[in-house]
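Below is one structure, written out as structure tokens, with a few remarks after it.
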Amino acid sequence: MDAQWVLINDVHPARVTEFARELSIPPSIARILLNRGIDSYQKAKRFFRPSLENLYDPFQMADMEKAVQRLVRAIRNRERIVIYGDYDVDGTTSVSMLYLFLKQLGNPPRFYIPDRLRDGYGLSERGIREVASWGTDLVITVDCGITGVEEVGLANQLGMDVIISDHHEPPPSLPPALAVLNPKREDCGYPFPELAGVGVAFKLVQALCDALDLDPFWYERFLDLVAIGSAADIVPLVDENRILVHEGLNRLPGSEKVGLQALLESSGLRADSIGTGQVVFILAPRINAVGRLGSADRAVHLLTATSQQQAANIAAILEQENRNRRDLDEETFAEADRMVQDLYDPEQHWFLVL
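Going from the sequence shown to my numbering is simple: count from 1 and add 965.
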């Protein structure tokens, strides 16, 4: 049986015909757009022709002004900054972007990524205490931290300011941070709440560039990392995400980052064949693998590498770890399959949990 599209018929046929004529597109496409809320020429133009001109003002995000003022002070006073990130692709691309940006401004930070098994997800007491032992003045979280009420309180007690940059659902009470950047905050007027963690961190970089009167090139050069992190985190590719991913993927084949070039080469991707599918199924598993089977620091070292040889060496490690990850997946599946054969009786069991 041939597959076929089944279209929702929630829009009046006359409106579909009118919109199709207005945009010079088939009625089936017009109906799909209308069902998605794209009901004007301007909305359709933004959908089909994503442009950086349509990015939102980062200062519309709650606490952005406070975050930027604190970071500018830290940069000018050469304070010790630590970026505290998650170990997945969204987190490691966020850490890499902010690390490279602050390094270019002359204040190279340190970064801390928790160990998946030892520390668990997000902020931890152990992580905060270790970061404090480095003499840290300011901690910036990326892709984590929104639920770390106690951990941020501990950081404050240890003399560190904290800026939270996250995109996960906020708890009823926000952490006692100096600034909490999260477009999902109920009191946040930012027009698009579905940014990935790297998207929120990008808005911080964009706002810093505006505050320091830097050319847009300073933040646009990180769109390749934003595209990878956003696509890998499976955020909806609409509105601002659509712009960021579209522009980032266009820049990816010619990226100036030797680590990304080494990753593309080791994964066998051609420059003309990189879309969200290649990011999700080819690039992302390789970056994720090092965090699942060891230290995710290696992913950041790759994405921030300055030497082609160093980048090639780390990319080879990611390739091997991804093969190890696949082998573990296959072994786990085989073990589960054996358990099903031995334990599962369809006459007695309604469901099975392994």
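Using N, Cα and C, we set each Cβ at its ideal position, and we do this for glycine too.
Taking the Cα of G1050 as reference, the smallest distance to any Cα among S1272, R1043, T1058 is reached at T1058.
In the assembly as shown, M1304 is an exposed residue. Its beta-carbon has fewer than 16 other beta-carbons within 10 Å. With a contact defined as Cβ atoms closer than 8 Å, P1015 and I1208 qualify at about 4 Å. Residue pairing from DSSP leaves F1157 without any beta-bridge partner. Rounded to the nearest angstrom, the gap between the Cα atoms of L1229 and V1210 is 17 Å. Close CB contacts of G1259 within its chain, under the 8 Å cut and outside five residues either way in sequence, are with E1286 (chain order).
Comparing C-alpha distances from L1319 to each of D1004, E1300, R1290, E1296 shows the shortest one belongs to E1300. The shortest CA-to-CA distance from Y1184 to any of R1216, L1088, Q1226 is the one to R1216. Non-local beta-carbon contacts of C1174 in its own chain, meaning distances under 8 Å to residues more than five positions away in sequence, involve D1180, P1181, W1183, Y1184 in chain order.
For A1027, no beta strand (DSSP E) encloses it, and the DSSP letter there is neither H nor E. Using a C-beta cut-off of 8 Å, the stretch 995-1003 makes no contact with the stretch 1087-1106, since fewer than three inter-stretch Cβ pairs fall below that distance. The DSSP assignment places 1144-1146 as complete runs of the beta strand (DSSP E) inside the stretch 1138-1198, in order along the chain (cut-off: 3 residues). In this structure, H1132 sits away from V1170, with a CB-CB distance that is not shorter than 7 Å. In the DSSP annotation of this structure, the continuous segment of the alpha helix (DSSP H) that includes D1302 starts and ends at 1273-1308. For L1103, the uninterrupted beta strand (DSSP E) segment begins and ends at 1103-1107.
In the displayed model, R1001 falls within coil according to three-state DSSP, outside both helix and strand. I1105 places its beta carbon less than 7 Å from that of I1048.
The Cβ atoms of L1067 and E1212 lie no closer than 7 Å to each other. Of the other Cβ atoms in all chains shown, fewer than 16 fall within 10 Å of the Cβ of Q1313; this residue is therefore exposed. Here G1056 is not near L1088, since their CB atoms are 7 Å or more apart. Sequence-distant partners of P1218 (beyond 5 residues in either direction) whose C-beta falls short of 8 Å from its own C-beta, in its chain, are L1229, A1236, D1237, I1239.
Between the alpha carbons of A1196 and V1054 lies a distance of about 9 Å.
Using a Cβ distance threshold of 7 Å, L1160 and D1126 do not count as a contacting pair. The beta carbon of V1037 lies closer than 8 Å to those of L1173, A1176, L1177 in the same chain, with the five residues before and after it left out. Sixteen is the threshold: when 16 or more other Cβ atoms of the shown chains lie within 10 Å of the Cβ of I1128, as they do, the residue is buried. Counting along the chain, V1117 sits inside the alpha helix (DSSP H) bounded by residues 1114-1122. Collapsing the DSSP output to three states places Y1077 in a strand. With 16 or more other CB atoms across the displayed protein chains lying within 10 angstroms of its CB, Q1226 is buried. Taking 7 Å as the cut-off, the beta carbon of A1261 is found no closer than this to the beta carbon of R1290.
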